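Below is one structure, written out as structure tokens, with a few remarks after it.
2 protein chains.
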Amino acid sequence: MNYKLILKSIGNVLRIEALFMLIPFVVSFIYGDGDYPAFLWSILISAVVGTVLARLNPKSKNFRTRDAFVVAGFSWLFISLFGALPFVFSGCFDSLADCAFEAISGFTTTGSSILTNVEDLPRGILFWRSFSHWIGGMGVLMFMMAVMPSVNASSVNLLRAESTGPAPDKIVPKIKETARIMYLIYLAMTVILVILLKLVGLPLYDSLLNAFSTAGTGGFSTLNASIGGYNNVAAEIIIAVFMFLFGINFSLYFILIGRKFLRFFKDLELRVFVGIVVSAILIIAIDISGLYGGIFEALRYSSFQVSSIISTTGFATADFNLWPTLSQCILVLLMLTGCCAGSTGGGIKLVRFILLVKAAKVELGKIFHPGSVKSVSINGKRVTQDIVLKTSLFFFIYFAIFFVSVMLISVDGNDIATCATAVIASLSNIGPGLGAVGPTGNYASFSAFSKVVLSFCMIAGRLEFFPVLVLFMPSAWKRGFIK
Amino acid sequence: MNYKLILKSIGNVLRIEALFMLIPFVVSFIYGDGDYPAFLWSILISAVVGTVLARLNPKSKNFRTRDAFVVAGFSWLFISLFGALPFVFSGCFDSLADCAFEAISGFTTTGSSILTNVEDLPRGILFWRSFSHWIGGMGVLMFMMAVMPSVNASSVNLLRAESTGPAPDKIVPKIKETARIMYLIYLAMTVILVILLKLVGLPLYDSLLNAFSTAGTGGFSTLNASIGGYNNVAAEIIIAVFMFLFGINFSLYFILIGRKFLRFFKDLELRVFVGIVVSAILIIAIDISGLYGGIFEALRYSSFQVSSIISTTGFATADFNLWPTLSQCILVLLMLTGCCAGSTGGGIKLVRFILLVKAAKVELGKIFHPGSVKSVSINGKRVTQDIVLKTSLFFFIYFAIFFVSVMLISVDGNDIATCATAVIASLSNIGPGLGAVGPTGNYASFSAFSKVVLSFCMIAGRLEFFPVLVLFMPSAWKRGFIK
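Protein sequence lines correspond, in order, to chains A and B.
According to my numbering, the stretch in the first sequence is residues 684 to 1166, in order.
According to my numbering, the stretch in the second sequence is residues 684 to 1166, in order.
This is the structure in structure tokens:
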């Protein structure tokens, strides 16, 4: 392994994080809730450690696949742990495990909280929680590629390690350009969302924070009752629409900007996404209409919740713990599928399901035509057998980690639905699940050990397993690999 | 499709079933509970329909893969539906859906019951229920191959369609010989079990029926309280050991008979099976020891239940609905894994998990050695990429059918744990799940629609999906395919 390059990259990530922390630092100063020293210390520590590491001078600056995956795995761990420093210094949390959990939940855009009363937090800390969603949403390595001067072609491996979907790749020939375009689209959509929320009556502070959480499909809110607490139908509609929009593959927006409308609307994953969202909203609305006195009120809650869950945001305007089993089953399924690859959302991603359904059909077809070498294609492009295999193994790994994690946290004694959905909500970076971790609950009652397990799930899920699993391979630690 | 060959094969299966029904017919005569006319009519109908179909004269008697899969799919549907006739004529069941559910549950060796009081059944009917487990355990097409005079080499496709595991095949060059050896081992083990149960004090009738259910890893018992009702520790131990033994790949017994002990004990799947069973027994025993006043009593219940669940039998000596969440999670995981390929048990099969874990490791290794073409091997044999892909798609199909089925039956309004485990218990051919379908519950409260869904899951799970799914392919119904 090229350890120097790996450490240098982590150093750069920490320097960027120190810069990002300046914003909540200013916010804490403005509101004067007394939390600015927490940021001061955190910025200092991150900047110093980051600068020391960034000064390393590796012989090769070439990111091989293995270096890129290790960088991704460690970067996300470190940005979360250093990102937890403001929580530690603020004194608002009960334990170090809680601080780490909350920060990991933030950067991975999960939005699970161990806090029982967020409204009491100093406003700088509350800002940093939501802002971490925004940083994590598009990816911190992506940001590094967009802003660092020395980005070479091999950095595409960093993009592949951090981005989501079966085969992430550049949208324009240059990697730096790709990263910049992605971040510009992301920023522009966030700004529009802030303005809209402000227009329908949310305070600027709340508009900003909820926009960060929506853009990163995170789910931390400013109120204990989440978005439901505002009781503002217009804000609910705007956020529901934007959660959906942030669940779409960002390279499709690039296609849209290029006025290739046909290619945009013909995208198979987008069509499936729309189809699932519409069907889920309708079925749930019918299923819950008895609870809310009429289909229109039911549609209001079902559309918000479906958009929130499938985009893996996790905001709530209703307690779906009280909904009928069918609606709960649909929501759990949406937690697993998640939204589109290349979005800021989590989950297994719809394109993987499309790919596997097609592959299963091809496999069945082989019974009729044993010699056939028919292959899977999506949007007219042939998908290699390698990617099909990798995708189906991804599916297996998701469930393998799911089962092991459920068993590990079940020792705490929560019921089986709570344990199972807590793990799904962590792996898919959603936040709320069912039972004790439902929309009105939180993760405070879990043991420190369970919090570590769930934190692992959040990072593993965000990075889609491989960059985290390589860290457990002996090859990643063999000295013989140093080059 | 070679429709004539397909119909002829189904006819032969029905003729064999009519022969099998003679046994409960005799039993019903001996006990004089008045149920013998039910068998008389059923035998007549099955024999007549079977003979008419079996008289068809197809041009080719060559089973291509597609013919074999369609034969397997239909044979299991027909043997179940005709096997439900005695239930229909007996008048002991509330509806036709109930009769079909019980028969499908019998032949697929699931053991889910819609009956609330089995002890009231006439003894011929009760016998037929358990005997259907024995017929289904080793497979009805396998029996046909063992006894029918005209079995050609292409029949190996029937064996592949009906047997379990990623790549079932002959153990000796001749297919007829293979089928005979399998059935002889099966019969011998069943006879030993009957004798042992009789020796420890069970009545002959009960010994026979419980031996049938154990051998087929079915789970229908003669008492409402399942095996727990006998309160006979020796019988519990014997059945626990035999459930485990019937969960082992039968071709390993052939290896054992050939005195190749090293190859037997070095079999990877067997080792994993033993390892999982021992670990599960110990962890659960510790977890539940507080409930049963001591580790020894806890070991008694945990060992029986682990053996019963992993072998997918479904007998119970304790109500594991009341066990702590960790124990329940372990049992649910064992429901999914099931036991060894080529056994009479159900589930995904351990060898598939071994294969996928190895494939995932190879995939991770590719990050370090991008050009590598390392492949997966089990017991020193290389596994082709095709089989790896098929196995991972199998895993995907299992969960796809699982989720759709859970949603369909959730309309009944049962809680999510009940719905989820009812589907797993059906797909893996176990019987009891958690919640309302726990060891003390049953499937009576489900709607007729849900019973159909679960029946589909039982057959699809028993045949490992492909032979059932091909029936839904348009190619299976195209006239152009007739040859």
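C-beta: ideal position from N, C-alpha, C; glycine also.
Values in this document were obtained by computation on a predicted structure and should not be read as measured data.
Helix, strand or coil: which one does DSSP assign to residue 1066 of chain A? strand
Considering Cα atoms alone, identify which of B/1049, B/754, B/797 is closest to residue 1178 of chain B. Residue numbering for chain B in the displayed model covers 684 to 1166; residue 1178 of chain B lies beyond these limits and cannot be assessed.
In chain order, what residues of the same chain have a beta carbon less than 7 Å from the beta carbon of residue 1114 of chain A, not counting five sequence neighbours either side? 793, 794, 795, 902, 997, 1108
Mind reading off the beta-carbon distance from residue 1015 of chain B to residue 1123 of chain B? Whole number of angstroms is fine, and I expect it under 8 Å. Between residue 1123 of chain B and residue 1015 of chain B the Cβ distance is about 17 Å, and since that is not below 8 Å, they are no contact.
Own chain partners of residue 1145 of chain B with C-beta closer than 6 Å, once the 5 adjacent residues on each side are dropped: 791, 1112
State the beta-bridge partners of residue 1061 of chain B as determined by DSSP. B/1064
Comparing the C-beta of residue 1096 of chain B with each C-beta of chain A, is any distance below 8 Å? yes
Taking 6 Å as the limit between beta carbons, can you name the residues of its chain near residue 1091 of chain B, skipping five residues before and five after? 1136
Residues near residue 1036 of chain A in its chain [Cβ-Cβ closer than 7 Å; skip 5 each side]: 1020
Status (buried if at least 16 other CB within 10 Å, exposed otherwise) for residue 802 of chain A: exposed
Name the two residues that bound the continuous alpha helix (DSSP H) containing residue 696 of chain B. 686 to 714
Please report the distance separating the alpha-carbon of residue 939 of chain A from that of residue 957 of chain A. 17 Å
So for residue 1006 of chain B, helix, strand or coil by DSSP? coil
Between residue 748 of chain B and chain A, is the shortest Cβ-Cβ distance under 8 Å, so that the two count as touching? yes
Specify whether the region 771 to 785 of chain A and the region 728 to 742 of chain A touch according to this definition: at least 3 beta carbon pairs, one from each stretch, less than 8 Å apart. no
Proximal chain A residues relative to residue 988 of chain B, where beta-carbon distance stays under 8 Å: What residue 988 of chain B touches in chain A: nothing, since even the nearest Cβ is about 16 Å away.
Is DSSP giving residue 734 of chain B helix, strand or coil here? helix
When the distance is taken between beta carbons, is residue 847 of chain B closer than 8 Å to residue 1042 of chain B? no
Using 8 Å as the threshold, is the C-beta distance between residue 926 of chain A and residue 900 of chain A below it? yes
Using a C-beta to C-beta distance shorter than 7 Å, which residues of chain A count as neighbours of residue 1168 of chain B? Residue 1168 of chain B lies beyond the residue range present for chain B, which begins at 684 and ends at 1166; the question has no answer from this structure.
Does chain B have any CB closer than 8 Å to the CB of residue 782 of chain A? no
Would you tell me roughly how many angstroms separate the C-alpha atoms of residue 1127 of chain A and residue 1098 of chain A, rounded to the nearest one? 16 Å
Give me the residue from B/834, B/702, B/817, B/850 with the minimum Cα distance to residue 1067 of chain B. B/850
Using a threshold of 8 Å, state whether the C-beta atoms of residue 987 of chain A and residue 1000 of chain A are closer than that. yes
Output the boundary residues of the alpha helix (DSSP H) element that contains residue 967 of chain A. 951 to 971
Nearest-angstrom Cα distance between residue 810 of chain A and residue 877 of chain A? 14 Å
Classification of residue 843 of chain A by the beta-carbon crowding that lies within 10 angstroms, buried from 16 upward: buried
Can you tell me whether residue 1052 of chain A is buried or exposed, with buried defined as 16 or more other CB within 10 angstroms of its CB? exposed
Under 8 Å between C-beta atoms of residue 885 of chain B and residue 918 of chain B: yes
Helix, strand or coil at residue 904 of chain A according to DSSP, with G and I counted as helix: coil
What residue range does the alpha helix (DSSP H) around residue 1041 of chain B cover? 1033 to 1051
Below-8 Å beta-carbon distance, residue 1165 of chain A vs any chain B residue: For residue 1165 of chain A, the predicted structure reports a pLDDT of 45, less than 50, and the residue's modelled location is therefore unreliable. A value from the coordinates is still provided. No, its Cβ sits nowhere closer than 8 Å to a Cβ of chain B.
Output the boundary residues of the alpha helix (DSSP H) element that contains residue 983 of chain B. 978 to 993
How long is the line joining the alpha carbons of residue 1087 of chain A and residue 896 of chain A, rounded to whole angstroms? 29 Å
Looking at chain A, which residues of the region 1044 to 1070 of chain B have a Cβ within less than 8 Å of any of its Cβ atoms? 1046, 1047, 1048, 1050, 1051, 1053, 1068
Out of curiosity, what's the CA-to-CA distance linking residue 806 of chain B and residue 921 of chain B? 24 Å
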